[in-house]
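Undergrad: Quick one: this structure, given as structure tokens, is what I'll be asking you about.
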């Protein structure tokens with residue numbers, strides 16, 4: 001397929017995943033705020049910004065009133081929810097003939113809803129907020145479901161999966177890393193009260209709380225949380241799962257395109273190996289944060305390799321092959 | 322002339338004295354124009370009889386609902402176009418009228434023959450003026466007119482194109498005069514559009530009037546994309562490694578182009594790749610497209626981008642819609658462009674006036690379809706006449722399309738005529754004038770009533786191995802009462818066109 005088209009599908013997917021993830025982070029935090037002190041609020045916002053990889057300088061200060069608003073509605077910030085949804089839609093619009101009409105309608109519907117909320121945001125922020133974040137998450141989920149059902153699982157569909165899981169790996173690594181770097185944690189012990197809620201919040205940010213409890217019971221231990229979110233092979237919002245999906249998608253695309261340069265698949269394979277063969281004790285001993293930084297860096301390499309091989313390759317290399 | 326409906330049912334009114342124009346459609350107005358449905362005695366023409374009876378029996382509500390459903394279907398499919406100059410520059414649904422325009426087989430046959438003759442002659446003309454120029458040497462067409470034409474491309478001199486076919490896709494606009502004869506209004510030899518609306522209209526009509534279809538025996542048109550692809554495939558460049566199945570793409574300017582829907586539709590129906598300029602590159606004078614699997618050679622480009630924007634190294638340097646080096650690849654004979662560069666000289670409105678002479682020169686035949694009387698404003702006596710009679714004439718800029726750059730005398734203001742006078746005096750080569758025509762009118766479903774609106778006809782001619790036409794074409798409607806401008810950009814709409822099968826010959830397309 002045309003490189004430009006594959007590129008648009010990939011980015012559309014990344015932006016949507018990001019929009020959903022951001023919506024969930026803010027949603028969880030707003031819930032948490034009701035139980036927590038205002039002192040910890042500032043620290044949590046800083047953590048959120050780090051999780052979202054947004055430099056504080058860009059948002060003009062951390063303030064519990066304006067920050068969620070900026071993260072949601074700011075058009076000048078490319079990572080706000082509105083910007084992400086708008087960019088995703090714009091990408092799909094350019095390659096509309098690739099997707100089913102149901103996909104387009106759903107994304108368009110989500111976009112209109114988000115834009116519409118923007119115009120009312122000033123008046124009824126508190127009222128609208130909870131429903132709003134829920135609707136963004138649902139809107140994206142619905143889009144993904146429609147995509148899976150109505151689009152041929154051919155090359156284009158695989159670029160969509162690639163975008164989704166590359167973004168997810170990236171965001172998860174950031175989120176978990178930010179969490180671990182802020183909170184003191186004697187790793188293998190149960191945590192108490194205030195800290196307990198923070199860890200539960202982390203799990204909820206990954207839609208993982210209930211699944212975690214099924215595996216480990218409601219006793220929350222940082223070590224177990226790390227193990228679940230990093231290494232669990234079955235849970236869709238774990239790093240291992242996401243990495244495996246990336247590698248699987250790349251295997252298909254390299255077969256379909258018969259590209260001799262298997263670089264993206266190789267790098268993804270190495271990333272998968274990193275995650276598959278790690279033990280949580282080793283990870284914690286060497287520092288979770290460093291481990292996650294490594295994951296993020298490898299993820300970045302996968303992304304760069306995808307760009308270079310499939311989308312943005314220099315002519316010379318293509319002519320030679 | 323207004324007709325009043327009494328309290329009787331429509332059928333009883335019809336059975337009353339027909340010569341009294343006692344028609345069941347109270348808002349249906351007659352004038353000088355030829356009416357497609359009714360004779361001058363107010364009687365439905367034979368080929369419209371069945372439709373007429375259907376309209377009598379059909380409750381207006383049913384038709385209204387069908388119209389709504391059709392509009393919604395168009396909306397969902399995104400069958401839209403962009404209206405330039407409209408403040409929002411928004412996408413609008415291309416209005417479609419449900420009542421088909423019906424053409425009997427014998428009338429179509431003449432149209433078909435006339436159009437085939439025309440495209441043959443125009444291709445011979447283009448070859449001649451880009452090579453030996455015999456027609457110019459023989460003084461049949463003035464050199465100054467050709468070389469002074471903005472769309473004449475010197476770059477094409479001496480360049481050989483496959484099969485000597487410059488125009489492989491043509492849309493010629495026809496109108497019917499009050500005496501019932503069809504004349505050619507203009508040719509569109511560059512990037513004619515509207516075919517997707519033709520196909521979409523047909524799809525809708527099949528759903529709304531299935532029995533009528535069956536009763537009438539309408540020639541099918543759905544094979545257009547296939548026919549277009551087959552045509553494109555007869556034109557591979559000589560150097561192509563896959564001459565039997567040349568790699569064909571559709572080059573579009575992109576999402577913001579007014580006809581973008583048509584580009585995506587046709588590419589999808591033909592099963593070819595839809596590309597933008599930035600997807601293509603030229604290496605060693607061969608055109609490639611950038612795919613995830615590497616570079617793929619392109620042999621034939623069905624291009625919907627104007628000449629000016631095709632290659633920044635050759636034409637407009639500020640164009641980002643084209644491909645740098647494309648013309649070199651073209652010149653080297655490594656890629657085919659359909660339509661060729663430089664065809665605009667033959668659909669220039671001033672050259673139009675010479676087409677009958679062109680047909681006679683190359684084919685030694687009289688034109689089957691006549692032209693409309695045209696005044697060339699470079700001629701002193703013509704120009705003086707025109708300037709004195711501006712209110713009666715239609716004045717057109719020669720290189721424009723889409724109904725832009727036009728003055729319709731009878732509907733113009735003094736100010737508008739003054740502006741045009743200045744433009745004409747400044748650049749007389751750029752304008753022509755024609756008498757205001759009474760375009761034929763056909764019944765349309767307007768606000769719950771059947772009313773008459775002016776229409777034209779744009780059949781599409783494909784020229785590959787032979788010249789072929791899909792029966793019918795796009796009938797465009799001027800939706801505002803009395804309006805003569807049918808272009809979509811000026812608020813026109815369209816109708817499905819039904820060419821009837823020849824009586825007694827089943828299952829054969831005209």
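Residue numbers (our numbering), protein chains in the order written: chain L, 1 to 321; chain A, 322 to 831. Here a beta-carbon is modelled for each residue, glycine too, at the ideal position from N, C-alpha and C.
1. Roughly how many angstroms lie between the CA atoms of residue 417 of chain A and residue 390 of chain A, to the nearest whole one?
2. By Cβ distance, which residues of its chain are closer than 7 Å to residue 664 of chain A, with the 5 residues on each side in sequence left out?
3. Quick one: any contact between the stretch 628-635 of chain A and the stretch 651-666 of chain A, if contact means 3 or more CB pairs under 8 Å?
4. Relative to the C-alpha of residue 642 of chain A, which candidate in A:671, A:651 and A:573 has its C-alpha closest?
5. Select from the stretch 2-17 of chain L all residues with a C-beta closer than 8 Å to any C-beta belonging to chain A, and list them in chain order.
6. What in chain A is Cβ-close to residue 288 of chain L, meaning under 8 Å?
7. Taking 8 Å as the threshold (C-beta atoms), are residue 690 of chain A and residue 436 of chain A in contact?
8. Smallest Cα separation from residue 356 of chain A: which of A:485, A:507, A:568 and A:422?
9. Drop a sphere of 10 angstroms on the beta-carbon of residue 386 of chain A, count the other beta-carbons inside from all chains shown, and report buried for 16 or more, exposed for fewer.
10. Please classify residue 313 of chain L: does DSSP put it in a helix, a strand, or coil?
11. For the stretch 492-519 of chain A, enumerate the residues whose C-beta is nearer than 9 Å to any C-beta of chain L, in chain order.
12. What alpha helix (DSSP H) runs, 4 residues minimum, are completely inside the stretch 237-291 of chain L?
13. Which same chain residues end up closer than 8 Å to residue 656 of chain A when comparing Cβ atoms and leaving out the 5 residues on each side of it in sequence?
14. Can you confirm whether residue 595 of chain A, when its beta carbon is compared against all beta carbons of chain L, has any partner nearer than 8 Å?
15. Would you kindly report the start and end of the unbroken beta strand (DSSP E) that includes residue 766 of chain A?
16. Taking 8 Å as the cut-off, decide whether the C-beta atoms of residue 68 of chain L and residue 115 of chain L are in contact.
17. Looking only at C-alpha atoms, which of A:563, A:354, A:533 and A:637 sits nearest to residue 472 of chain A?
18. Where residue 605 of chain A and residue 599 of chain A are concerned, what is the direct C-alpha to C-alpha distance, given to the nearest angstrom?
19. Going by DSSP, what residue range makes up the alpha helix (DSSP H) through residue 444 of chain A?
20. Strictly under 8 Å for the Cβ-Cβ distance: is residue 539 of chain A near chain C by that measure?
21. Please name the residue in A:654, A:686 and A:693 whose C-alpha comes closest to that of residue 672 of chain A.
22. For residue 307 of chain L and residue 159 of chain L, I'd like the C-alpha separation in whole angstroms.
23. Closest by CA to residue 310 of chain L, which one among L:257, L:286, L:277 and L:41?
24. If the criterion is Cβ atoms closer than 8 Å, does the pair residue 400 of chain A and residue 545 of chain A meet it?
25. Looking at chain L, is there any beta carbon in it that lies within less than 8 Å of the beta carbon of residue 827 of chain A?
26. Classify residue 815 of chain A as helix, strand or coil using the three-state DSSP reduction.
27. Can you list, in chain order, the residues of its chain with a C-beta nearer than 6 Å to that of residue 817 of chain A? Leave out the 5 residues immediately preceding and following it.
28. What residues in the stretch 283-313 of chain L bring their beta carbon closer than 7 Å to a beta carbon of chain A?
29. Compare the beta carbon distance of residue 556 of chain A and residue 785 of chain A with 8 Å and say whether it is the shorter of the two.
30. Going by DSSP, name the residue or residues bridged to residue 781 of chain A.
31. So, using beta-carbon positions, are residue 240 of chain L and residue 233 of chain L closer together than 8 Å?
32. Would you give the residue range spanned by the beta strand (DSSP E) that residue 718 of chain A belongs to?
33. To the nearest angstrom, how far is it from the Cα of residue 807 of chain A to the Cα of residue 779 of chain A?
34. How do the stretch 273-293 of chain L and the stretch 136-156 of chain L stand: do at least 3 beta-carbon pairs fall below 8 Å, yes or no?
35. I'd like the span of the alpha helix (DSSP H) that includes residue 660 of chain A, first residue to last.
36. Are the C-beta of residue 452 of chain A and some C-beta of chain L separated by less than 8 Å?
TA: Reading it off the structure:
1. One-based indexing of the second chain puts residue 417 of chain A at position 96. One-based indexing of the second chain puts residue 390 of chain A at position 69. Each residue's Cα considered, the two are about 11 Å apart.
2. Reading the second chain from its first residue, position 343 is the one you call residue 664 of chain A. Here the set comprises 447, 487, 488, 510 and 511.
3. yes
4. Counting from one through the second chain, the residue named residue 642 of chain A turns up at place 321. Taking only the C-alpha atoms, the option nearest residue 642 of chain A is A:573.
5. 2, 3, 4 and 6
6. What you label residue 288 of chain L is simply residue 288 of the first chain in a count that begins at 1. Going along chain A, no residue has its Cβ under 8 Å from residue 288 of chain L, so there is no contact; the nearest lies around 36 Å.
7. Here the question's residue 436 of chain A lines up with position 115 in the second chain. Here the question's residue 690 of chain A lines up with position 369 in the second chain. The answer is yes: Cβ separation under 8 Å.
8. Within the second chain, numbered from 1, the residue matching residue 356 of chain A stands at position 35. Measuring from the Cα of residue 356 of chain A, the nearest candidate turns out to be A:422.
9. Taking the first residue of the second chain as 1, we reach residue 386 of chain A at position 65. Label assigned to residue 386 of chain A: exposed.
10. Numbered from its first residue, the first chain carries residue 313 of chain L at position 313. Residue 313 of chain L falls in the coil class under three-state DSSP.
11. none
12. Counting whole runs of 4 or more residues, the stretch 237-291 of chain L contains the alpha helix (DSSP H) stretches 239-257, 263-276 and 280-286.
13. Indexing the second chain from 1 puts residue 656 of chain A at position 335. Counting only Cβ-Cβ distances below 8 Å, and skipping sequence neighbours, we find 558, 607, 608, 619, 620, 621, 622, 647 and 650.
14. If you number the second chain from 1, residue 595 of chain A lands on position 274. Yes, its Cβ sits closer than 8 Å to a Cβ of chain L.
15. Along the second chain, one-based indexing puts residue 766 of chain A at 445. Following the DSSP letters along the chain, one finds residue 766 of chain A inside the beta strand (DSSP E) bounded by residues 762-767.
16. Along the first chain, one-based indexing puts residue 68 of chain L at 68. Along the first chain, one-based indexing puts residue 115 of chain L at 115. No, the pair does not count as a contact, with Cβ atoms beyond the cut-off.
17. Counting from 1 along the second chain, the entry for residue 472 of chain A is found at position 151. If we check each option's Cα against that of residue 472 of chain A, A:637 comes out closest.
18. Start at 1 with the first residue of the second chain, and residue 605 of chain A comes out as number 284. Start at 1 with the first residue of the second chain, and residue 599 of chain A comes out as number 278. Taking the straight line from one Cα to the other gives about 17 Å.
19. To locate residue 444 of chain A, count along the second chain from 1; it is residue 123. It spans 426-450 - the alpha helix (DSSP H) in which residue 444 of chain A sits, taken as one unbroken run.
20. Any reference to chain C falls outside this structure, whose protein chains are L and A.
21. By 1-based counting over the second chain, the position of residue 672 of chain A is 351. Closest by alpha carbon: A:693.
22. For the purposes of this step, residue 307 of chain L is taken as the residue at position 307 of the first chain. For the purposes of this step, residue 159 of chain L is taken as the residue at position 159 of the first chain. Roughly 11 Å between the two C-alpha positions.
23. Position 310 of the first chain holds residue 310 of chain L. Closest option to residue 310 of chain L, Cα to Cα, is L:257.
24. Looking up residue 400 of chain A in the second chain gives position 79. Looking up residue 545 of chain A in the second chain gives position 224. It is not a contact, given that the beta carbons lie outside the stated cut-off.
25. By 1-based counting over the second chain, the position of residue 827 of chain A is 506. At residue 827 of chain A the pLDDT is 38, less than 50, meaning the model places this residue with poor confidence and gives no usable figure here.
26. Here the question's residue 815 of chain A lines up with position 494 in the second chain. Three-state DSSP puts residue 815 of chain A in a strand.
27. Here residue 817 of chain A is taken as the residue at index 496 of the second chain, counted from 1. Only 421, 522, 523 and 526 meet the Cβ criterion.
28. Of all residues in the stretch 283-313 of chain L, only 310 place a beta-carbon less than 7 Å from a beta-carbon of chain A.
29. Taking the second chain and counting its residues from 1, the one referred to as residue 556 of chain A is at position 235. Taking the second chain and counting its residues from 1, the one referred to as residue 785 of chain A is at position 464. Against a cut-off of 8 Å, the Cβ pair of residue 785 of chain A and residue 556 of chain A comes out as a contact.
30. Residue 781 of chain A sits at position 460 when you count from the first residue of the second chain. Paired residue(s): A:492.
31. Counting from one through the first chain, the residue named residue 240 of chain L turns up at place 240. Counting from one through the first chain, the residue named residue 233 of chain L turns up at place 233. Their beta carbons are under 8 Å apart, which means residue 240 of chain L touches residue 233 of chain L by this criterion.
32. One-based indexing of the second chain puts residue 718 of chain A at position 397. Note, residue 718 of chain A: beta strand (DSSP E), 714-718.
33. Here residue 807 of chain A refers to the residue found at position 486 of the second chain. Here residue 779 of chain A refers to the residue found at position 458 of the second chain. One alpha carbon belongs to residue 807 of chain A, the other to residue 779 of chain A, and they sit about 11 Å apart.
34. no
35. Sequence index remark: in the second chain, residue 660 of chain A carries index 339 (1-based). Element bounds for residue 660 of chain A: n/a, residue is neither H nor E.
36. Indexing the second chain from 1 puts residue 452 of chain A at position 131. For residue 452 of chain A, the answer is no, since every Cβ of chain L falls outside 8 Å of its Cβ.
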